[in-house]
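Participant: Residues 1051 to 1328, numbered by the working numbering, are exactly what the sequence shown covers, in order. Just so it is clear, CB atoms sit at the ideal spot from N, CA and C, and this is done for glycine as well. All values reported here derive from a predicted model rather than from experimental measurement. Structure incoming, see below.
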Amino acid sequence: MHIVFSIYALVLGLLVGSFLNVVISRMPEGRSVAYPPSHCPICGSNIRAYDNIPVLSWLILKGACRDCKSGISPLYPVMELLTGLIALLIFWKYVPSIEALNWANVSAAAYYFGFAATLIAITYIDIRHYIIPDQLSIYAIPFAVLGMLGLDYMGFVGALSWKASVLGATLGGGVLLLAAAVWWILRRTEGMGMGDVKLLALIGAVLGPWPALFFILFASSFLALFVILPLRIMRGNGFKHALPYGPFLAAAALLWILHGPYLMEFWLPGYEVIKINL
1051 MHIVFSIYAL
1061 VLGLLVGSFL
1071 NVVISRMPEG
1081 RSVAYPPSHC
1091 PICGSNIRAY
1101 DNIPVLSWLI
1111 LKGACRDCKS
1121 GISPLYPVME
1131 LLTGLIALLI
1141 FWKYVPSIEA
1151 LNWANVSAAA
1161 YYFGFAATLI
1171 AITYIDIRHY
1181 IIPDQLSIYA
1191 IPFAVLGMLG
1201 LDYMGFVGAL
1211 SWKASVLGAT
1221 LGGGVLLLAA
1231 AVWWILRRTE
1241 GMGMGDVKLL
1251 ALIGAVLGPW
1261 PALFFILFAS
1271 SFLALFVILP
1281 LRIMRGNGFK
1291 HALPYGPFLA
1301 AAALLWILHG
1311 PYLMEFWLPG
1321 YEVIKINL
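Right under this line is the structure:
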């Protein structure tokens, strides 16, 4: 029976991944994600329902529009597969067995998957456009807090209190805002955009102030160095290309959702003795 629900989670993830393709292509340009229906960007013909099946339709059509035969980027099925895989991993994390299948755990899996899907969209948009839409960050915070209140009401063991959620958002945004201010004072250049500040505020609202924010700040910095240092070595000191920080924050947050406590214990043994009671 657990395998059946796992398949449901995978299919849901694939469908959400298909929707994310719409979000990341339209939202940065200020277009509606609901209207007009999905269509070929070259010939403008609407994509038929049977041509909009995640991954499968792209394979059947050999990566081309049915009408004009223009190529369809492989990023579309990749996005769908990635989102489907993450949905499956999160489902397994919060519903590891049929015995754990209850409304509280399933709701938690849905909540954290919704957050993960938001992180995926933010990552792609920030890499491509160097922006993080407010709709996916600061405007999502009230929904994140309300969702956590719902999990707490349902009795989910890992739910945060509303105080912890609000404190996480405040500290998350405040830490990066302070870092950006210090950087500006020292260098007179923008070292971090406000989009990153709002994103970490959202992450704090979902995952809480401790130990998640501590882990995410250090893990994202490590991941950024892991990318930047090889680029500096390969391209020399003349490498001045700005890299968006949002994807590293998103990757660190996703790591926390999937394996955070285990990684934290490996990195900082005994961290659980530090408690923040809210």
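For Arg1098 and Arg1178, I'd like the C-alpha separation in whole angstroms.
Facilitator: Roughly 28 Å separates the two Cα atoms.
Participant: Decide if Ser1107 is buried, meaning its Cβ has at least 16 other Cβ atoms within 10 Å, or exposed.
Facilitator: So Ser1107 ends up on the buried side.
Participant: Return the first residue and the last residue of the alpha helix (DSSP H) that Val1061 is part of.
Facilitator: Segment 1052-1076, the alpha helix (DSSP H) holding Val1061.
Participant: Taking three-plus beta-carbon pairs below 8 Å as touching, is the segment 1248-1264 in contact with the segment 1141-1151?
Facilitator: Taking 8 Å as the limit for Cβ pairs, the verdict is that the segment 1141-1151 does not touch the segment 1248-1264.
Participant: Considering only residues of the segment 1072-1116, which uninterrupted alpha helix (DSSP H) runs meet the minimum length of 4 residues and lie entirely inside it, listed in chain order?
Facilitator: Here the runs fully enclosed are 1106-1110.
Participant: Glu1234: buried (16+ other C-beta within 10 angstroms of its C-beta) or exposed?
Facilitator: Residue identity differs from the one stated: residue 1234 is Trp in this sequence, not Glu. Classification of Trp1234: exposed, given that the 10 Å Cβ count is below 16.
Participant: Here's a check: name, in chain order, each residue in its chain whose Cβ is nearer than 8 Å to the Cβ of Leu1196, leaving out the five neighbours to either side.
Facilitator: Excluding sequence neighbours, Leu1196 sits near nothing in its chain.
Participant: I need the DSSP call for Gly1258, collapsed to helix, strand or coil.
Facilitator: DSSP places Gly1258 in coil when its eight states are reduced to three.
Participant: Could you give the distance in angstroms between the alpha-carbon of Trp1306 and the alpha-carbon of Ala1166?
Facilitator: Those two C-alpha atoms are separated by around 11 Å.
Participant: Cα-Cα, which of Met1077, Cys1115, Val1073, Arg1081 is closest to Pro1091?
Facilitator: Out of Met1077, Cys1115, Val1073, Arg1081, Cys1115 has the C-alpha closest to the C-alpha of Pro1091.
Participant: Is the CB-CB distance between Gly1063 and Leu1138 below 8 Å?
Facilitator: Yes. Within cutoff.
Participant: Three Cβ pairs or more, each shorter than 8 Å: is that satisfied between the segment 1272-1281 and the segment 1191-1209?
Facilitator: They do not touch, by the three-pair rule.
Participant: Where does the unbroken alpha helix (DSSP H) through Leu1299 begin, and where does it stop?
Facilitator: Here the alpha helix (DSSP H) through Leu1299 covers 1296-1317.
Participant: In three-state DSSP terms, what is Gly1208?
Facilitator: Gly1208: coil per DSSP, three-state reduction.
Participant: Check Gly1243 in the structure and name its three-state DSSP category.
Facilitator: Looking at Gly1243 - three-state DSSP - the assignment turns out to be coil, as it is neither helix nor strand.
Participant: Along the chain, where does the alpha helix (DSSP H) containing Leu1151 start, and where does it finish?
Facilitator: Neither: Leu1151 is in no alpha helix (DSSP H) and is coded neither H nor E.
Participant: Near Val1247, what residues of its chain come up, given a Cβ to Cβ distance below 7 Å and the 5 sequence neighbours on each side ignored?
Facilitator: Contacts found: Gly1223, Leu1226, Leu1227, Ala1230.
Participant: Given Ala1300, which residues of its chain have a CB within under 6 Å of its CB, disregarding the five upstream and five downstream residues?
Facilitator: Answer for Ala1300: Leu1169, Ile1172, Thr1173, listed in chain order.
Participant: Counting only the same chain and skipping the five closest in sequence on each side, list residues whose C-beta sits under 7 Å from that of Val1072.
Facilitator: Contacts found: Val1083, Ser1088.
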